[in-house]
Every structure is written in structure tokens, then in C-alpha cells.
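2 protein chains.
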Amino acid sequence: MRYELYYWPSIQGRGEFVRLALEEADADYIDVARRPQRGVAALTRFLEGRSGGRPPFAPPFLKAGKRVIAQTANILLWLAPRHGLAPKSEPARLWAHQLQLTIADWLVEAHDAHHPIGGAFYYEDQKPESKRRAAHFTAARLPKFFGYFERVLEREKGGWLLGKAFSYADLSLFQMIAGLRYAFPRAMQGLETKYPRQVALHDRVASRPRIAAYLASKRRVDFNQHGIFRHYPELDA
Amino acid sequence: MRYELYYWPSIQGRGEFVRLALEEADADYIDVARRPQRGVAALTRFLEGRSGGRPPFAPPFLKAGKRVIAQTANILLWLAPRHGLAPKSEPARLWAHQLQLTIADWLVEAHDAHHPIGGAFYYEDQKPESKRRAAHFTAARLPKFFGYFERVLEREKGGWLLGKAFSYADLSLFQMIAGLRYAFPRAMQGLETKYPRQVALHDRVASRPRIAAYLASKRRVDFNQHGIFRHYPELDA
Chain A
1 MRYELYYWPS IQGRGEFVRL ALEEADADYI DVARRPQRGV AALTRFLEGR
51 SGGRPPFAPP FLKAGKRVIA QTANILLWLA PRHGLAPKSE PARLWAHQLQ
101 LTIADWLVEA HDAHHPIGGA FYYEDQKPES KRRAAHFTAA RLPKFFGYFE
151 RVLEREKGGW LLGKAFSYAD LSLFQMIAGL RYAFPRAMQG LETKYPRQVA
201 LHDRVASRPR IAAYLASKRR VDFNQHGIFR HYPELDA
Chain B
238 MRYELYYWPS IQGRGEFVRL ALEEADADYI DVARRPQRGV AALTRFLEGR
288 SGGRPPFAPP FLKAGKRVIA QTANILLWLA PRHGLAPKSE PARLWAHQLQ
338 LTIADWLVEA HDAHHPIGGA FYYEDQKPES KRRAAHFTAA RLPKFFGYFE
388 RVLEREKGGW LLGKAFSYAD LSLFQMIAGL RYAFPRAMQG LETKYPRQVA
438 LHDRVASRPR IAAYLASKRR VDFNQHGIFR HYPELDA
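And the structure:
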């Protein structure tokens with residue numbers, strides 16, 4: 001089956017968590033909105049409820065045959081077990097999903113560091129507010145999230161978030177670290193020495209053959225100043 | 238099986254979405270942190286990783302036998318089908334979960350209306366920022382979310398988010414409406430006439446016998462100024 005992924009074409013954003021899973025799975029997929037012709041129009045057709053099916057609230061969403069599944073964590077919940085990226089047992093799947101949802105919460109905070117007043121206003125119109133929020137994000141929230149995931153890796157042994165079983169949760173943690181390095185290089189330099197297990201996980205994910213090939217390809221959108229992770233030096237304490 | 242729900246005792250918060258499901262299911266449960274003795278200590282034990290199992294990042298979490306499941310939507314994903322609050326078919330379950338995750342996103346925005354700079358600062362220390370964010374929240378985000386769920390109800394017919402099948406997603410939408418009425422009574426008065434299907438859903442949920450009994454009981458924590466939904470008249474345009 002050829003999947004159709006629908007996500008904004010010019011950013012990594014939330015769609016990247018799905019792209020990474022599709023790439024690691026070597027799945028057959030089209031990144032619909034990145035097609036040269038009418039890609040974004042195909043996406044907005046769904047958002048405007050003109051697709052006929054149950055409507056998504058926002059991208060990303062994945063079309064798999066007649067199914068249309070939205071919400072990043074929900075897509076991965078369905079997709080991952082079909083491609084060996086989630087374990088078979090129910091407790092382990094719930095655990096992977098729980099971690100993914102915690103990463104989703106973290107991602108919102110990474111976004112809000114540069115958009116505390118909301119996505120409807122330009123960054124330039126919320127700079128003082130961003131400075132306050134980003135200072136707290138890097139000083140308190142990053143250590144809290146990193147501390148949690150480091151404890152998980154310590155407890156699980158095996159090097160992955162589910163112990164010896166590699167899963168989509170590892171891909172997602174890799175993406176968080178990559179994004180935070182882009183957005184907050186100075187803060188991350190100070191932090192990373194404290195979380196060696198996560199640095200090792202990042203490197204192991206990056207060197208998996210399919211992920212390495214993907215990262216080096218044009219399919220990987222570069223980090224940029226329109227995405228969730230943005231680099232504003234004044235926010236990087 | 239007697240469930241143990243772990244959540245902050247003095248607010249509805251995220252835990253309320255689980256409480257509503259447990260109540261509608263007439264499930265046997267203890268609201269652990271609300272016990273008169275050492276309830277909160279039992280909760281923090283888990284957060285500090287002293288419980289032995291896979292650690293939650295934050296409350297709520299549900300203990301069911303040996304399982305400890307965290308993240309509101311993840312708890313409901315597991316709990317609801319066991320109590321007839323989610324349909325059996327996989328597409329319908331994914332749809333309910335997708336809606337729950339969209340409600341979770343909405344809830345974050347309702348919180349951030351009064352805490353745009355972050356939960357670590359008092360509201361009083363982020364009042365001007367809150368005014369800006371809340372103005373956008375009531376003027377643009379509320380219509381966007383309400384518009385979406387109204388379209389869903391229109392499309393599904395049957396009066397529930399899954400058509401004729403009542404589910405935990407309906408309980409969660411009820412809770413959003415109840416909370417927004419508490420926090421933004423003026424804005425809601427102006428909005429509600431446009432979304433009659435959601436008002437009807439709210440009323441139908443509130444009059445379900447077990448929910449009505451719960452809402453009238455002391456088990457329901459009152460809305461208050463420490464929770465996710467807060468009423469600051471200056472934020473209610």
C-alpha cells in the first residue's frame with residue numbers, strides 16, 4: 001500500500017515525526033503537499049471538509065487506503081506496529097504512546113518559546129514575551145524533560161526508550177534533540193554533557209542506514225525559521 | 238478491579254477527563270490524592286520514580302492492577318473500550334482518539350490564555366501578555382475549534398461525535414464546554430448560539446444519570462482559580 005502523507009511542504013514540523021517513521025520503515029509513501037503541482041491544494045481540500053471522510057482538524061494526516069488518520073501520535077500509534085516500529089504487547093505499546101505524547105507536550109513548549117502569544121502573531125510582535133518564556137524554557141523546562149527521558153533510558157537499559165526494542169519513540173526523541181540543537185545551540189551545549197544517554201540515542205538513530213540516507217536526501221526539509229524549532233540567538237541563553 | 242487514579246486533588250484539570258469516564262462507567266476507583274491522609278505523597282512517589290515501574294512524566298496516571306498508564310488520552314484509549322465508552326472497530330477507536338487529542342490541544346490553549354509565559358509564573362506576573370493571548374483565543378481560536386466540532390456533529394448525525402455511538406470523546410467535549418463557560422462566560426454567550434449541536438451535546442451529557450449524580454456530588458471538584466479553566470473577567474472579552 002502506498003501511503004499519502006499530508007503536511008505543510010516547507011517545514012519539518014509535526015509531520016517530521018511521521019516522515020521519520022515512514023523512512024525507517026522503508027514504506028512506500030508520497031509526501032503529497034511537496035508534489036510540484038497542486039500539492040497544498042490537495043491538503044486544504046481535506047481541511048475544508050471537501051474530502052468526504054471524517055475531517056482532520058489540522059495536518060499532519062495520513063491516508064492509508066480509505067483511512068484518513070490525523071494527530072501525529074495517533075498516526076504513529078496505528079502505523080508503527082505495521083512496520084516493526086512498535087512492540088506487539090499492549091503494555092509496551094501504551095508505554096511507547098505515552099512517551100510520544102510526552103514528546104508532543106515538549107514540542108508545544110519548544111514552539112511556544114518563540115510564539116508565547118500565539119501563532120497568529122509574528123515573532124517580531126512578541127519578542128519581549130518570547131525572551132521571558134524562552135529563558136524559562138531553557139533554564140527549567142529543558143532540564144525537566146531531558147531529566148525525565150534520561151531516567152527512562154537509565155531504567156530501561158538497552159539504549160532505547162523501550163529497553164532493547166527500538167521503536168518510533170526513539171525516532172521522535174532523536175528529532176527533539178536535533179530540533180533543539182538547531183534552535184538553542186548554546187543552551188544545548190551546556191546541557192548535553194548531563195544527558196549522555198540521549199546524546200548516544202541521537203547518534204545511534206542518526207546512523208541507522210535508512211535514517212542516515214534520509215537525512216542526507218532532499219526529502220528531509222532543512223530546519224528553518226518557519227518551523228516549530230527556530231533559531232533566534234537572543235532566545236538562546 | 239479497583240482503579241487508582243492519581244491526580245492533583247484540588248483541581249479538575251486534565252484528571253477530570255478520566256474522572257468523567259470512570260464515573261460514566263460506574264467503575265470502582267479511588268481518587269488517590271484526594272484521600273485525607275498521604276494522598277499527594279502517594280502521587281509524588283510515582284513522579285520521583287520511587288514506585289518501581291515505568292515512570293509517568295506528570296499526572297494524571299491510572300493504576301490498574303500492575304499497569305500504570307499516564308497521559309490523559311492514553312489512559313482513555315485503554316480504559317474506554319473496557320467500559321463500553323469506545324466502539325469496538327479500529328477505525329472508530331482511532332477517530333475517538335483523534336478527537337480526544339484535538340481536545341487536548343484545545344485544552345492547552347485554554348490554559349495558556351491565562352499563562353502564556355508559562356506555568357512557573359503567577360498570572361499576576363503575566364497579565365498584559367494574557368490579555369493579548371486571551372483576546373486572540375476568544376476571537377479566533379474558540380470559533381476555530383467550535384466550528385470544527387460542530388461540523389463533525391453535523392456530519393456524523395446521531396448527536397454524538399461518533400454518530401449514534403456515545404463515547405468518551407463526548408464526555409471530553411462536554412468538559413471543554415463546561416470549562417469554557419466558567420472561564421469565559423461573556424465570550425461563550427456570544428458564541429453558543431452558533432454551535433447548537435455542541436450545546437445540545439453538553440446538555441445531553443450533563444443529564445445522563447451517572448454524570449448528573451457525579452456533578453451534584455462532592456467528588457466533582459468545583460471549577461476554581463487554580464485549574465486549567467480560570468475566570469478572570471479582564472480576559473473575557
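Chains A and B, in that order, are what the protein sequence lines are. In terms of our numbering, the first sequence is residues 1 to 237. In terms of our numbering, the second sequence is residues 238 to 474. Built from N, CA and C at the ideal position, the CB exists for glycine as well. On a predicted model such as this, the values are computed, not experimentally measured, just so you know.
Using alpha carbons as the reference points, say which of the options lies closest to residue i.
i, options, result
"GLU4(A)", "ALA80(A), ASP203(A), TYR29(A)", "TYR29(A)"
"VAL436(B)", "THR339(B), LEU417(B), GLY356(B)", "LEU417(B)"
"PHE421(B)", "LEU390(B), GLN337(B), ILE465(B)", "ILE465(B)"
"ARG93(A)", "ALA104(A), ASP222(A), TRP78(A), LEU107(A)", "TRP78(A)"
"PHE149(A)", "GLN249(B), GLU261(B), GLY286(B)", "GLY286(B)"
"LEU22(A)", "ALA187(A), TYR6(A), ARG45(A), SER10(A)", "TYR6(A)"
"LEU76(A)", "GLN98(A), ASP236(A), TYR168(A), PRO233(A)", "TYR168(A)"
"GLU327(B)", "LYS157(A), ARG67(A), TYR232(A), GLN175(A)", "ARG67(A)"
"THR102(A)", "PRO209(A), GLY119(A), PHE146(A)", "PHE146(A)"
"TRP245(B)", "MET238(B), LEU284(B), ALA262(B), GLU261(B)", "LEU284(B)"
Check whether the Cβ of residue i lies closer than 9 Å to any Cβ atom in chain B.
i, result
"ALA58(A)", "yes"
"HIS83(A)", "no"
"ILE69(A)", "yes"
"GLY49(A)", "yes"
"GLN189(A)", "no"
"VAL18(A)", "no"
"GLY118(A)", "yes"
"PHE137(A)", "yes"
"LEU173(A)", "no"
"PHE184(A)", "no"
"HIS97(A)", "yes"
"ASP112(A)", "yes"
So residue i is in the alpha helix (DSSP H); what residue range does that whole segment cover?
i, result
"SER300(B)", "The amino acid occupying residue 300(B) in the given sequence is Lys; Ser does not appear at that position. Taken as a continuous stretch (DSSP letters only), LYS300(B) belongs to no alpha helix (DSSP H), being part of the beta strand (DSSP E) at 298-301."
"VAL199(A)", "196-206"
"ILE211(A)", "209-215"
How would you label residue i, buried or exposed, when you count the other beta carbons within 10 angstroms and need 16 or more for buried?
i, result
"PRO293(B)", "buried"
"GLN426(B)", "exposed"
"PRO353(B)", "buried"
"ALA140(A)", "exposed"
"ARG133(A)", "buried"
"ASN311(B)", "buried"
"MET176(A)", "buried"
"ARG291(B)", "buried"
Could you check if residue i belongs to the surroundings of the ligand SAM, using beta carbon to heavy atom distance under 8 Å?
i, result
"ARG186(A)", "This structure does not include the ligand SAM; it has no bound ligands of any sort."
With 9 Å as the threshold, decide whether the Cβ of residue i is near any Cβ in chain A.
i, result
"VAL277(B)", "no"
"THR339(B)", "yes"
"PHE466(B)", "no"
"ARG445(B)", "no"
"ASN213(B)", "Given a span of 238 to 474 for chain B in the structure shown, any question on residue 213(B) remains unanswerable."
"ARG392(B)", "yes"
Under 7 Å Cβ-Cβ, which residues of chain D neighbour residue i?
i, result
"ARG132(A)", "In the displayed structure, chain D is absent; the protein chains listed are A and B."
Mind listing, in chain order, the continuous alpha helix (DSSP H) runs of no fewer than 4 residues lying wholly within the segment 106-189 of chain A? Restricting attention to alpha helix (DSSP H) runs no shorter than 4 residues, the segment 106-189 of chain A encloses them at 127-136, 142-156, 168-183, ordered along the chain.
What residue ranges within the segment 2-55 of chain A form continuous alpha helix (DSSP H) runs of no fewer than 4 residues, ordered along the chain? Considered as a whole, the segment 2-55 of chain A harbours 15-24, 39-47 as its complete alpha helix (DSSP H) runs of no fewer than 4 residues, in chain order.
Could you tell me which whole alpha helix (DSSP H) segments of length 4 or greater appear in the segment 67-109 of chain A? 72-79, all fully within the segment 67-109 of chain A.
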